[in-house]
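Under our numbering, think of the first position of the sequence shown as 3, with each following residue one higher. We put the beta carbon where it would ideally sit given N, CA and C, even for glycine. It should be emphasised that the depicted structure is a prediction, and the values quoted were computed from it without experimental measurement.
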Amino acid sequence: MRYQIRHVSCYSYRQPVTLRPHVLRLRPRSDATQLLQQFQLTLTPEPASSSQLIELEGNSTLGIWFSADKTAQLTIEAISEVETCRTNPFDYLVEPWAASLPLDYPTSVLTSLQPYLCPPLLPAVDPGVMQLAQALLHDVQGNLGYFLTALTQKIVESCEYTVRESGPPLPAGITWSQKRGSCRDYAVLFMAACQSLGLAARFVSGYYSGYATEASTTTEGDLHAWVEVYIPGGGWRGFDPTHGLAVADRHIALAASAHPSQAAPVTGEVLEGATVPSTLENHITIQVLEER
3 MRYQIRHVSC
13 YSYRQPVTLR
23 PHVLRLRPRS
33 DATQLLQQFQ
43 LTLTPEPASS
53 SQLIELEGNS
63 TLGIWFSADK
73 TAQLTIEAIS
83 EVETCRTNPF
93 DYLVEPWAAS
103 LPLDYPTSVL
113 TSLQPYLCPP
123 LLPAVDPGVM
133 QLAQALLHDV
143 QGNLGYFLTA
153 LTQKIVESCE
163 YTVRESGPPL
173 PAGITWSQKR
183 GSCRDYAVLF
193 MAACQSLGLA
203 ARFVSGYYSG
213 YATEASTTTE
223 GDLHAWVEVY
233 IPGGGWRGFD
243 PTHGLAVADR
253 HIALAASAHP
263 SQAAPVTGEV
273 LEGATVPSTL
283 ENHITIQVLE
293 ER
């Protein structure tokens, strides 16, 4: 599929403020699963300076600095054209030694995967989440692939989806005990369940095109979050517990990280801090340019 995504974020402040440095992760990834063909970024007010860089985990980020002039509004518009390439999310063969859970990665990759084996928000996996993982593990008789599918389905069937426009993800134990959450809450829950069985998992931010399949179709979208799991023989593979499916060509990834905060599309603050109330409006449209 080939998409055009227009993402406009408008930050409005009750009184003029001085913008401190911001970090943007709005440039879609370009790799074996998706190809970035065009990208245009417009900021109002214009930054005094900027620097494109590659972060530790390989995410493309833009650091921006503003002048000391005060402003009552910051508008960020990103227009991307992306071709998604993965039509079959299961086009791999799991290494024989990794077919059964719990998983024990070889030392050759363990050091690199270590950050993705620890829950991002708490030092240990919640007992309730561990119980969830163990129950599913028993149901699928330890099969890795079946477990990931079962976990994806279990979360979407057991939890009530809620919209939370702002704020960090909730700890996995809270989401599971309350049986409700946003997409980023579901993602952290999925990660924690995987990590309790030795599966490396990371948080992904991006867009989901929904069920628009015909060329020229335009849909209203939202920022979305899902998970990628490192599968021996398959590499990083996406799973979306909000929609209960494996990730293929309807997801467009922006950034991925062991910690959700490091995959946030926009981070930054104002000199005045929280003393000045603000509002955020996101407007996202996704247009199908070409079907596969």
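In this chain, the alpha helix (DSSP H) harbouring Pro129 covers 129 to 141. If one requires a minimum length of 3 residues, the beta strand (DSSP E) runs lying completely within the segment 44 to 126 are 51 to 56, 62 to 67, 73 to 86, in chain order. Rounded to the nearest whole angstrom, the CA to CA distance from Val131 to Ala194 is 7 Å.
Boundaries of the beta strand (DSSP E) around Ala258: 253 to 259. Measuring C-alpha to C-alpha distances from Ala126 to each of Ser198, Cys185, Ile176, Gly169 identifies Ser198 as the nearest. CA-CA distance, Thr281 to Tyr15, rounds to 7 Å.
Taking a contact as a CB-CB distance under 8 Å, the pair Thr164 and Ser179 does not count as one, their CB atoms being some 14 Å apart. Cβ contact annotation for Pro279 (same chain, cutoff 8 Å, sequence separation greater than five): Tyr15, Arg16, in chain order. In the displayed model, Leu172 falls within coil according to three-state DSSP, outside both helix and strand.
Per DSSP, the beta bridge partners of Trp228 are Val206.
As computed with DSSP, Asp187 is found in no beta bridge at all.
For Val272, the uninterrupted beta strand (DSSP E) run begins and ends at 268 to 272, by DSSP. For Gly240, the pairing in a beta bridge is given by DSSP as Glu230. The alpha carbon of Arg166 has as its nearest neighbour, out of Asn284, Arg294, Tyr210, the alpha carbon of Asn284.
The shortest C-alpha to C-alpha distance from Leu95 to any of Ala50, Leu139, Pro234 is the one to Pro234. Assignment of beta-bridge partners to Val290 by DSSP yields Tyr5. Under the 10 Å beta carbon count, Asp106 is surrounded by fewer than 16 other beta carbons and is classified as exposed. For Arg182, the beta-bridge partners assigned by DSSP are Glu162. Three or more beta-carbon pairs separated by less than 8 Å link the segment 16 to 34 to the segment 77 to 84, which places the two stretches in contact.
With at least 16 other beta carbons inside 10 angstroms of its own, Pro173 counts as buried. The continuous beta strand (DSSP E) containing Arg22 extends over residues 21 to 26. Linking Asp242 to Pro117 through their CA atoms gives a straight-line distance of about 21 Å. By the Cβ criterion, the segment 239 to 254 is in contact with the segment 151 to 158, since at least three pairs of Cβ atoms, one from each stretch, lie closer than 8 Å.
Here Gln42 is bridged, per DSSP, to Ile81. Contact between Ile286 and Gln36 is ruled out by a C-beta separation of about 17 Å, above the 8 Å threshold. Its chain contains Gly246 as the residues whose beta carbon lies nearer than 8 Å to that of Glu159, once the 5 sequence neighbours on both sides are disregarded; these appear in chain order.
Under the three-state reduction of DSSP output, Ser11 falls in the strand class. Straight through space, the alpha carbons of Ala135 and Pro129 are spaced by roughly 10 Å.
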